[in-house]
Amino acid sequence: MIFLANLTVRVEQHARASAGIMGWGTLLILAIGLGSAFVVMLRHVRAHPQQPPTAAMYRFAAGSLFFMLVVLALLWYGLESWNQKFRKIRDQELREDMTEKHNNGIRVNQTTPP
18 MIFLANLTVR VEQHARASAG IMGWGTLLIL AIGLGSAFVV MLRHVRAHPQ QPPTAAMYRF
78 AAGSLFFMLV VLALLWYGLE SWNQKFRKIR DQELREDMTE KHNNGIRVNQ TTPP
């Protein structure tokens, strides 16, 4: 029973941790994508103050953001499959524990008269 309680707590902690990773990971990945696009634009504007950013720079910015979103989607998929694996383990342990309690209860209640 203690093992089951510890397992349930661990699964919940993993779920919370992965949700936190997902939230902070999203912000981090978007910040990296936007930051890299901003740095490229800023370098161009400082190097050529009279010339506006070119279409290639906008394509690079869009491509870097798209790449960051792909990385984010892969991260989400990996964390979600990891959570499903832990949920299956937890559900199986809960079923086994309930079956054990049920079987023990039946054995205790099935006393034969002397």
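In this note's numbering, the protein residues as written are 18 to 131. Glycine included, each C-beta is placed from N, C-alpha and C at the ideal position.
Item	Value
Quick check on this structure: which residue in Asp-108, Leu-92 and Ala-73 has the alpha carbon closest to the alpha carbon of Thr-43?	Leu-92
Do the stretch 80-88 and the stretch 43-60 meet, that is, are 3 or more Cβ pairs less than 8 Å apart?	yes
Use the C-beta contact count for Ile-106: other C-beta atoms within 10 angstroms, 16 or more gives buried, fewer gives exposed.	exposed
Return the residue from the list Leu-45, Met-58 and Ala-90 that minimises the CA-CA distance to Ala-73.	Met-58
For His-65, which three-state DSSP category applies?	coil
Check Thr-71 in the structure and name its three-state DSSP category.	coil
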